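Number of protein chains: 2
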Amino acid sequence: MARKIESNCDVLIIGAGPAGLMAARTLAEFVGQDPNLKVRIIDKRSTKVFTGQADGLQPRTLECLKNLGMGQIYEAANDMTTINLYNPDENGMIHRTDRFPDTIPGVSRYNQCVLHQGMIERHFLDSIHEVSNGRINVERPILPESIEVDESKADDPDAYPVTVKLRYLAEDEAEPLQFGHKVSNGLFRTTLTTAEDDDAEYRLPEGTEAGLLETVHAKYVIGCDGGRSWVRRNLGLNMVGEQTDYIWGVVDIVPETDFPDVRARCAIHSAESGSVMIIPREDKLVRFYIQMQERADQGGRVDRSQFTPEKIVDSARKIMAPYYLNYSRMDWFTAYHIGQRVADKYSVAERAFIAGDACHTHSPKAGQGMNASMMDTWNLGWKLGMVLTKRAKRSLLKTYESERQPFAQALIDFDHKFSRLFSGKPAKDVLDGSCVSMDEFKEAFIRNGLFTSGTAVDYDESIIVAKTGKNGNKVASHSDLAKNIAVGCRFKSEQVCRHSEGLAMQLGDLLYMNGSFRVLLFAGNAANPAQMDRIERFAAYLDSSESFVSRLTPSDCKRDGLFEVITIHSNTREEIDMQDFPAPALYPPFDYDKIYADCETYHRGHGHAYDKYGIDPKHGAIVVVRPDGYVGMVCDLEDTAELETYFSEFMAVPAKPLGAQAEKDWTFTAKAKAERRKRVLSSSPAQPRASNKASFVHVETVPVGQTV
Amino acid sequence: MARKIESNCDVLIIGAGPAGLMAARTLAEFVGQDPNLKVRIIDKRSTKVFTGQADGLQPRTLECLKNLGMGQIYEAANDMTTINLYNPDENGMIHRTDRFPDTIPGVSRYNQCVLHQGMIERHFLDSIHEVSNGRINVERPILPESIEVDESKADDPDAYPVTVKLRYLAEDEAEPLQFGHKVSNGLFRTTLTTAEDDDAEYRLPEGTEAGLLETVHAKYVIGCDGGRSWVRRNLGLNMVGEQTDYIWGVVDIVPETDFPDVRARCAIHSAESGSVMIIPREDKLVRFYIQMQERADQGGRVDRSQFTPEKIVDSARKIMAPYYLNYSRMDWFTAYHIGQRVADKYSVAERAFIAGDACHTHSPKAGQGMNASMMDTWNLGWKLGMVLTKRAKRSLLKTYESERQPFAQALIDFDHKFSRLFSGKPAKDVLDGSCVSMDEFKEAFIRNGLFTSGTAVDYDESIIVAKTGKNGNKVASHSDLAKNIAVGCRFKSEQVCRHSEGLAMQLGDLLYMNGSFRVLLFAGNAANPAQMDRIERFAAYLDSSESFVSRLTPSDCKRDGLFEVITIHSNTREEIDMQDFPAPALYPPFDYDKIYADCETYHRGHGHAYDKYGIDPKHGAIVVVRPDGYVGMVCDLEDTAELETYFSEFMAVPAKPLGAQAEKDWTFTAKAKAERRKRVLSSSPAQPRASNKASFVHVETVPVGQTV
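Protein sequences appear in the order of chains B and A. Residues 1 to 708 in the UniProt record's numbering are what the first sequence spells out, letter by letter. Residues 1 to 708 in the UniProt record's numbering are what the second sequence spells out, letter by letter.
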């Protein structure tokens, strides 16, 4: 008889792939702040890291990783810079017909890049452990056996309405199948499966005994258990969409070839043998996506055993002929066919959620999979954290599905179109209507660059996205004040200068994901006394007992814990001192990191942030950025009522709010401050700066021995 | 009775501070390649990391760390961007009189930055362990008790002429003294000591028994044991120079102040109370160097116990008045007085060396100490590695002293001048000759920015630096071929484009320190058939049995193990394919990382490397870069005799050389290559590139739900 235990937890995450790890990482931030929160993450496999499994990291994903303190991932990855198109000429010989940038220049401070998932997961595991003070660690191998949601208790904040029964496996019960191949492969998790395969995956292996059984009562469950999600099926959520019969092979090899662009991203259409996509990777590896001649049968059934590494490479050789292709090392291979489906619902009563591949399946060639999965729980994690810590109302959770489901549908539509263009036979001329026009393919490739960057996501109006004030939040944004900042889109990073030291910094780097909203005060020309009056009035409001900061921040929280005010003025560092900004609202005593200037720097030029954001450098604006980096609203310095309304829509009023703050802790009196200001103004002006326009300065060397 | 053992090793490093760790790290590269090499590093202290102890990392040091695979150090450090000068006005009130860039813009791809030594040492320990395959680890606490060099055996490559007796301490015998303070401090290692203090440091603590005794027979010993070096004194090497009587206090604090520039580097001269230097650091810390009113007596003796943290901060308050100064945290403090001395000799018979502070002591305020120390062993390490692995002649070792001793003298001269200017009282007007002119101070500060960047070092002509062919190596460089590349200086990194994938890269990042020389072939306009003839002739020479590569590389070494040929052409990636470069010399089969283009990139603009190096983009040049990144010679593509001569001066002829290499391993025949070339040339030209000049691209967002 198996031993049985019972337990409670706030969140149970099922599945420790990209979606599950991102859920755990975002929630870790709240666990680190609240010793009573209990978040668990389980996985049914004993193996941590699979070779091979990889995807591109999109610029937007990299921005988010940076805001989780995992920016070092970018250092290890391989940048993708160039896309080459190869097409057949009139003789059927492939040649390079086009070359254009991968990642639209200027779309982000990061380029699209590639790194194997194992490395990414390792960074996540370390970061989750560290940020949660060691309180969240992936538990494996553990298999879920049943899930039930008591919807009648869904609205009770103290209830544990989800019951999940778990079974602990022995290590050797959870090894992925390798189908007799020596080379690591992903056939065990390929999409070449049927419903029976899916169920078999979650059955206790024959001849093994059940280990420990645990009944978990959870406030929330997130199913991040992949395309064949057990959670999704057991919650009765459905996938809507279709399956193609094209089969693709994938190999990760260190190639030996005379193909000129093997180290750059290539899309190769051959005349008769199908298509290949090349994705260069780290550590000299190159991934090949190779169209196979086989087709799935009507039931979607395919004999997995027929896809051997050599057979897949042979297909590539045919497509890439007459170029020579061999390899010195193969790390991994798999085969799949493309299904394009989206879940119709993302949760049961906003208590049991699904995320990642559990909600959407599509082809991997656009490098969307891991990104879309991580972005799902990047969206859900902070919302759940805010609700669990009673900072936000439960209605916030509805925006997970309303924001992510339309995105997934757009993704699938994109993938549907792109896959068809890529799997189809190239047209010989414009009259060849049954085949794919290479011009159309190229156009789609270029236009979709923005989509695949991950930066184009524009969430609809909702309680947390204040656009027109009509379909969600009651507030209408004053978008004319920041013409290039789109409410609902991610806040794009631009360079500013940290006032205290003159360092060129990315504004995006200040948006560390700790659950706090950022109130970016573009203060305009603060050296103008009239403008400084406006700034001081806004600051006085923030410090008053009426402000959203004073009313909505709990008394046991730091003043910048829920709402961090960051000031970016349009002056030079000589025109004004950071101590001239009103304390404590904008310049909390001895915190030298809250004031930034949009000015020339010595080593990185001028960021021209006001210009790029479309903000008047005299007048300024206020931009509210959500904890996940998306713009919630834009308003003017006088729009304090709008700010109140915006936050009141979804934030909870704490039992004991922080209240007003005075300048009482300042050691400097107003008089001392005025005197200091007079002193500084009377000092000789700083000398004109060296031009930073020229990136190269001719350097005269100093011989050793010569005293300088 | 203590137990006694006896052992042999190739190199024994005494002291695991910055100089010792850099010695171990550079030698680790050779240990990793040669399983018979035995390198040890010992330290007399049990503690790994001291809080506080810190220095700026100069741009040149950061370049070297990058070439040791430790570039991530830069990420954690605090950039120094701005220098502010504060001087008294006619009323004696300090105010900001000047502001200018710290780190001369354009001098390096790195800015000067600050990070605490513990963090740097941790990176070193990890890297040494990894690169040496776990075979080098700091052994501590171990005390040297005697050292002897048998000079008669100095020239025997198989001899172990240095005998060192070691004593193993118990952990608690090696704790640094804290002088009764609760705050960590550096008083135990301050320069406020006498010769008796020095000796006491190396005596077995009273009442303790000797632990294990070991007699080590070493081929080479490096003494990296600091300013009061036991190795130096026991080898009979002398320090020449002088000691000032100014005493300085140092504190690392998180400051609370209304001083406007506390987060930027500042040099503050008060009218009557002395000077302060402010260095902002990581983790909100700021270091203050504070001039004390106390003076050392004639014997250099000072009572260390009088320097309390509060006393030091009080001195700063006087100097910085009327600004308020307090702190929320103090991490560390110390006090020192400035000695400026250089060792007269750096070795005994090039068998027992000294390095780092053991060779030169000076004031810490210019952030030179740790840098100069690491650069000493950066210079010595590869030379010792080359000699030990019999790749180079023993005469190479003489260049350690001939290169580093004049540098140290220049450093001390610089420090002498700078310290005097900084410690002196500011002159009230130009007639006040007894005091320091603030104009002179500013000029020195600006002019010395180049010196303190570490990039100005210009080694004299020697067997490894071929300038005029008169005073060292018999070869004269053809410097007119690369007008802005100074032979003897470090090779400055510029951006190039990796041909295979279009990635913008720093040429300097290719100079990983693995003991190999880089032969940078600036191939010029390779699309011109006449120029390609020149390139092919040079390539044929490299592959022939007469070339230095074939003759000097041992047969058990990879062909690029001692001499790596890297080609940088001046064409676009559309004008020529990387496969068009002669294989195997320039394009080793299936190695896609040897060919670079000086051309526009999609995401990082154009590097204009030829222009910046002053190389004719049609004609080209060859630049030989030493393993440590310094330029050894410049010559033309036909100067194969000069290359032979240059390397023959100091490289050893192996018993069994690698010999010629043929294109035998190529799968492609010349005919196939010609056909391929024809195919590529006949294909339609790639479309014109999007301009990368504009750093900002206006991005139209795509609403969710809209199929793109």
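We put the CB at the ideal spot given by N, CA and C, even for glycine. Just so it is clear, the structure is predicted and the values come from calculations on it, not from any experiment.
What residues from chain B crowd round A/Asp-55, counting only those whose CB sits closer than 9 Å? Those do not exist, as A/Asp-55 stays about 18 Å from chain B at its closest Cβ, beyond 9 Å.
Enumerate, from N- to C-terminal direction, the unbroken alpha helix (DSSP H) stretches of 4 or more residues contained entirely within the segment 520-557 of chain B. 529-543 and 548-552
Using a Cβ-Cβ cut-off of less than 8 Å, list which residues of the segment 579-606 of chain A approach chain B; keep chain order. Gln-579, Pro-589, Phe-590, Tyr-592, Thr-601, Tyr-602 and His-603
Between which residues of its own chain and B/Ile-446 is the CB-CB distance below 8 Å, once the five residues before and five after are set aside? Phe-100
From B/Gly-424 to B/Ala-456, what does the alpha carbon distance come to, in whole angstroms? 27 Å
DSSP-derived helix/strand/coil call for A/Pro-18: helix
Is the separation between the beta-carbon of A/Asp-102 and that of A/Arg-281 shorter than 8 Å? no
Any beta carbon of chain B sitting closer than 8 Å to that of A/Asn-111? yes
Apart from the five residues just before and just after B/Arg-3, which ones in its own chain have a Cβ nearer than 6 Å to its Cβ? Leu-212
What span of residues does the beta strand (DSSP E) with A/Ile-253 cover, start to end? 239-257
Give the residues from the segment 266-291 of chain A that approach chain B closer than 9 Å (Cβ to any Cβ), ordered along the chain. Pro-280 and Lys-284
Using the rule of at least 16 other Cβ atoms within 10 Å of the residue's Cβ for burial, across every protein chain shown, is B/Ile-5 buried or exposed? exposed
So does the segment 25-37 of chain A actually touch the segment 124-134 of chain A, counting three or more Cβ pairs closer than 8 Å? yes
Measure from the C-beta of B/Ser-683 to each C-beta in chain A and report whether the shortest distance is under 8 Å. Low confidence applies to B/Ser-683: its pLDDT is 46, below 50, so where it sits in the model is not reliable, and the reading given next is rough at best. By this cut-off, B/Ser-683 is an interface position.
Using a cut-off of 8 Å between C-beta atoms, extract the partners of A/Arg-263 located in chain B. Arg-498, Ser-500, Glu-501 and Tyr-592
Mark A/Asp-639 as exposed unless 16 or more other C-beta atoms lie within 10 angstroms of its C-beta, in which case mark it buried. buried
Cβ-Cβ separation, A/Leu-520 to A/Phe-647 (assumed contact under 8 Å), whole Å: The Cβ separation is near 15 Å, so there is no contact.
Quick one, are the C-beta atoms of A/Val-342 and A/Ile-412 less than 8 Å apart? yes
Distance cut-off 7 Å: A/Gly-502 Cβ against heavy atoms of the ligand ATP: The ligand ATP is absent from the structure shown, which contains no ligand whatsoever.
Helix, strand or coil, according to DSSP, for A/Arg-228 in the structure here? coil
Quick one: grab the DSSP three-state call for B/Tyr-110. coil
Can you say whether B/Arg-232 is buried or exposed, counting buried as having 16 or more other CB atoms within 10 angstroms of its CB? buried
Residues of its chain near A/Lys-656, where Cβ-Cβ distance is below 6 Å and the 5 sequence neighbours each way are ignored: Ser-555
Is there a C-beta anywhere in chain B that falls below 8 Å from the one on A/Glu-145? no
Is the distance from the Cβ of B/Asp-652 to the Cβ of B/Lys-390 below 8 Å? Note on residue identity: the sequence assigns Ala, not Asp, to residue 652 of chain B. Yes. Within cutoff.
Contacts around A/Thr-97, its chain only, beta-carbon distance under 6 Å, and the 5 residues preceding and following it disregarded: Leu-85 and Asn-87
Using a Cβ-Cβ cut-off of 7 Å (strictly less than) and excluding sequence neighbours within five positions of A/Val-387, which residues of its own chain qualify? Arg-394, Leu-396 and Leu-397
Any beta carbon of chain A sitting closer than 8 Å to that of B/Gln-72? yes
Could you list which residues in chain B have their beta carbon closer than 8 Å to that of A/Thr-81, in chain order? Glu-501, Gly-502, Leu-503, Ala-504, Thr-601, Tyr-602 and His-603
Buried or exposed: A/Asp-439, going by 16 or more other Cβ atoms within 10 Å of its Cβ? exposed
Return the first residue and the last residue of the alpha helix (DSSP H) that A/Gly-369 is part of. 369-388
Sort out for me which residues DSSP pairs B/Ala-476 with in a bridge. B/Thr-468
Touch check for the segment 344-353 of chain A and the segment 220-228 of chain A: three-plus C-beta pairs under 8 Å? yes
Could you check the C-alpha separation between A/Arg-620 and A/Phe-650 for me, to the nearest Å? The question names Arg, but residue 620 of chain A is Gly in the sequence shown. So the alpha carbons of these two residues sit roughly 26 Å apart.
Considering only DSSP beta bridges, list what A/Leu-166 is partnered with. A/Pro-144 and A/Glu-214
Tell me, please, whether the segment 261-279 of chain A touches the segment 311-325 of chain A by the rule of three or more beta-carbon pairs shorter than 8 Å. yes
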